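Comments concern the structure below.
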Amino acid sequence: MDKSPRKTARALVPALICLIMAAGIPGCRFPAGHNAFTPQEQRIIRQSDSVMYVTVLPEDSTILRATVQDLPDALLRSEDFKTLAAKMLATVQSPEQDGVGIAAPQVGISRRLAWVQRYDKPGEPWELYPNIRILERSGAVSHDPEGCLSVPPQRAVVPRYGTVIVSWTDPQTLQERRDTVHGYTAVIFQHECDHMEGTVCTDRADSVSVNEAWAAERAAFLEKGAYRKPAWWE
Ligand SMILES: [Zn+2]
Numbered sequence: 001m002d003k004s005p006r007k008t009a010r011a012l013v014p015a016l017i018c019l020i021m022a023a024g025i026p027g028c029r030f031p032a033g034h035n036a037f038t039p040q041e042q043r044i045i046r047q048s049d050s051v052m053y054v055t056v057l058p059e060d061s062t063i064l065r066a067t068v069q070d071l072p073d074a075l076l077r078s079e080d081f082k083t084l085a086a087k088m089l090a091t092v093q094s095p096e097q098d099g100v101g102i103a104a105p106q107v108g109i110s111r112r113l114a115w116v117q118r119y120d121k122p123g124e125p126w127e128l129y130p131n132i133r134i135l136e137r138s139g140a141v142s143h144d145p146e147g148c149l150s151v152p153p154q155r156a157v158v159p160r161y162g163t164v165i166v167s168w169t170d171p172q173t174l175q176e177r178r179d180t181v182h183g184y185t186a187v188i189f190q191h192e193c194d195h196m197e198g199t200v201c202t203d204r205a206d207s208v209s210v211n212e213a214w215a216a217e218r219a220a221f222l223e224k225g226a227y228r229k230p231a232w233w234e
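For the record, in the sequence shown the residue sitting at position 159 is 159 according to our numbering, with numbers rising by one throughout.
See the structure below:
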């Protein structure tokens, strides 16, 4: 949907005008979202602590319900992108979050970007997936409980396919890559890719209940000052 030829053609016109103007007018920039992070994105990326504020429903529904934009090559090469990636990883690995995957809308950035812990690989490494998409879903559908850092402390039983083929932009080479993923890791990819369309696991759930252990854990971290939205956040 976001790659329709009409939309691409519309986006090219201001970019071309800006290219022409850039030669003579200092400060000329590409349209926001095309080759630069927006001022709001820059503020979140640069001013956040290493553990970022994680958006939650219903409070942050504007960002969590939006469809994201792709990350063009110019953004993937930027220092802001490296900072965002590092802070997202620190956030999902922090004791107060302790997730298995995180999507950019969960830190207030409406971009197609996620970290996924690859439980299907030796050492269970964390991997970064810019422009992540699911190309194919197949295999038996499972109905297992999952939770979302943005919908705490809910436990949702969600139907998920056993196998997915994913594509993404390699953050080093900027080339498109593909992989076929099975089992629990395939569930994580399906969960994180849902975030790119403004969908969370409770939307798809057969049933939703409260995860009491998670509720108690969060209450303890809340007492220590975790999960606070920064004063500068809009
Ligand atoms: Zn989630």
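Each residue gets a CB set at the ideal place from its N, CA and C atoms; glycine is no exception. For clarity, every value in this text was computed on a predicted model and none was experimentally measured.
*Assigned secondary structure, Val151 (DSSP; H/G/I helix, E/B strand, else coil)*: Taking the sequence shown and counting its residues from 1, one reaches residue 151 at position 151. If DSSP states are grouped into helix, strand and coil, Val151 belongs with coil.
_Whole-number beta carbon distance between Ile102 and Leu149, since they are thought to touch under 8 Å_ = Looking up residue 149 in the sequence shown gives position 149. Looking up residue 102 in the sequence shown gives position 102. About 7 Å separates the two Cβ atoms, so the contact holds.
*Comparing the CB of Cys236 with every heavy atom of ligand 1, is any distance shorter than 6 Å?*
No statement about residue 236 is possible, as the shown extent of the chain runs from 1 to 234 and does not include it.
*Is Arg178 helix, strand or coil when you go by DSSP?*
Counting from 1 along the sequence shown, the entry for residue 178 is found at position 178. In this structure, Arg178 counts as strand in the three-state DSSP scheme.
*Would you list the one or two residues that DSSP bridges to Glu127?*
Taking the first residue of the sequence shown as 1, we reach residue 127 at position 127. When DSSP reads this structure, Glu127 sits in a beta bridge with Val116.
*Work out the CA separation of Arg46 and Trp232 for me, nearest whole Å.*
Mapped onto the sequence shown, residue 232 falls at position 232. Mapped onto the sequence shown, residue 46 falls at position 46. Near 12 Å, if we compare the C-alpha coordinates of Arg46 and Trp232.
_Using only the alpha-carbon positions, how far apart do Leu84 and Ala186 sit?_
Numbered from 1 along the sequence shown, position 84 holds the residue referred to as residue 84. Numbered from 1 along the sequence shown, position 186 holds the residue referred to as residue 186. Straight-line Cα distance between these residues: approximately 24 Å.
*Can you tell me the Cβ-Cβ gap for Ala166 and Leu135, rounded? I've got them flagged as a contact below 8 Å.*
Residue mapping note: residue 166 aligns to position 166 of the sequence shown, counting from 1. Residue mapping note: residue 135 aligns to position 135 of the sequence shown, counting from 1. Looking at the sequence shown, residue 166 is not Ala but Val. So it is a contact: roughly 7 Å between Cβ atoms.
*In whole angstroms, what separates the C-alpha of Trp126 from that of Asp80?*
Residue mapping note: residue 126 aligns to position 126 of the sequence shown, counting from 1. Residue mapping note: residue 80 aligns to position 80 of the sequence shown, counting from 1. Going by the C-alpha atoms only, they are around 20 Å apart.
*Should Val92 go down as buried or exposed, given a rule of 16 or more other Cβ atoms within 10 Å for buried?*
Reading the sequence shown from its first residue, position 92 is the one you call residue 92. Classification of Val92: buried, given that the 10 Å Cβ count is 16 or more.
_Taking the alpha carbon of Tyr53 as the reference point, which residue from Lys82, Ala90 and Ser78 has its own alpha carbon closest?_
The sequence position of residue 53 within the sequence shown is 53, counting from 1. Cα-wise, what sits closest to Tyr53 is Ala90.
*Within 10 angstroms of its Cβ, does Glu234 collect 16 or more other Cβ (buried), or is it exposed?*
Residue 234 sits at position 234 when you count from the first residue of the sequence shown. With fewer than 16 other Cβ atoms within 10 Å, it is exposed.
*What is the DSSP secondary structure of Arg160, reduced to helix, strand or coil?*
The residue you call residue 160 lines up with position 160 of the sequence shown. Strand, per DSSP.
*asked:* Looking at the secondary structure, which residues open and close the beta strand (DSSP E) in which Asp144 lies?
replied: By one-based count along the sequence shown, residue 144 stands at place 144. Bounds of the beta strand (DSSP E) holding Asp144 are Arg133 to Glu146.
*Within the same chain, show all residues whose beta-carbon is closer than 6 Å to that of Leu75, passing over the 5 residues directly before and after it, in chain order.*
For the purposes of this step, residue 75 is taken as the residue at position 75 of the sequence shown. Once the five neighbours on either side are set aside, the close Cβ partners of Leu75 are Phe81.
*Rounded to whole angstroms, how far is the Cβ of Val158 from the Cβ of Glu146, which I believe are closer than 8 Å?*
Along the sequence shown, read from residue 1 onward, the residue named residue 158 stands at position 158. Along the sequence shown, read from residue 1 onward, the residue named residue 146 stands at position 146. The C-beta distance from Val158 to Glu146 rounds to 6 Å, short enough to fall under 8 Å.
*Output the boundary residues of the alpha helix (DSSP H) element that contains Ala85.*
As a working note, residue 85 is residue 85 in the sequence shown. Run containing Ala85: Glu79 to Gln93, per the alpha helix (DSSP H) assignment.
*Keeping to the same chain, check which residues put their C-beta closer than 7 Å to that of Leu57; ignore five residues upstream and five downstream.*
For the purposes of this step, residue 57 is taken as the residue at position 57 of the sequence shown. Here the set comprises Leu64, Ser150, Val151 and Val200.
*asked:* Among Tyr161, Met196, Thr202 and Ala226, whose alpha-carbon lies nearest the alpha-carbon of Ser142?
replied: On the sequence shown, residue 142 is found 142 positions in, with the first residue counted as 1. Of Tyr161, Met196, Thr202 and Ala226, the residue nearest in Cα terms is Tyr161.
*Going by beta carbon distance, what residues of the same chain come within less than 8 Å of Val51, once the five residues before and after it are set aside?*
Taking the sequence shown and counting its residues from 1, one reaches residue 51 at position 51. Result list for Val51: Lys87, Ala90, Thr91, Ser94, Glu96 and Gln97, in chain order.
*Looking at the structure shown, is Arg111 part of a helix, part of a strand, or coil, going by DSSP?*
Walking along the sequence shown from the start, residue 111 turns up at place 111. Strand.
*Grab the span of the beta strand (DSSP E) containing Ser61 for me, first residue to last.*
Along the sequence shown, one-based indexing puts residue 61 at 61. Looking at the DSSP string, Ser61 is not in any beta strand (DSSP E); the run it does join, the alpha helix (DSSP H), is Ser61 to Leu64.
*Out of curiosity, what's the CA-to-CA distance linking Arg133 and Val208?*
To locate residue 133, count along the sequence shown from 1; it is residue 133. To locate residue 208, count along the sequence shown from 1; it is residue 208. Rounded to the nearest angstrom, the two C-alpha atoms are 26 Å apart.
*I think Ile109 touches Ile44, with their Cβ atoms under 8 Å apart; what is that distance to the nearest whole Å?*
For the purposes of this step, residue 109 is taken as residue 109 along the sequence shown, with counting starting at 1. For the purposes of this step, residue 44 is taken as residue 44 along the sequence shown, with counting starting at 1. 6 Å between Cβ atoms; contact.
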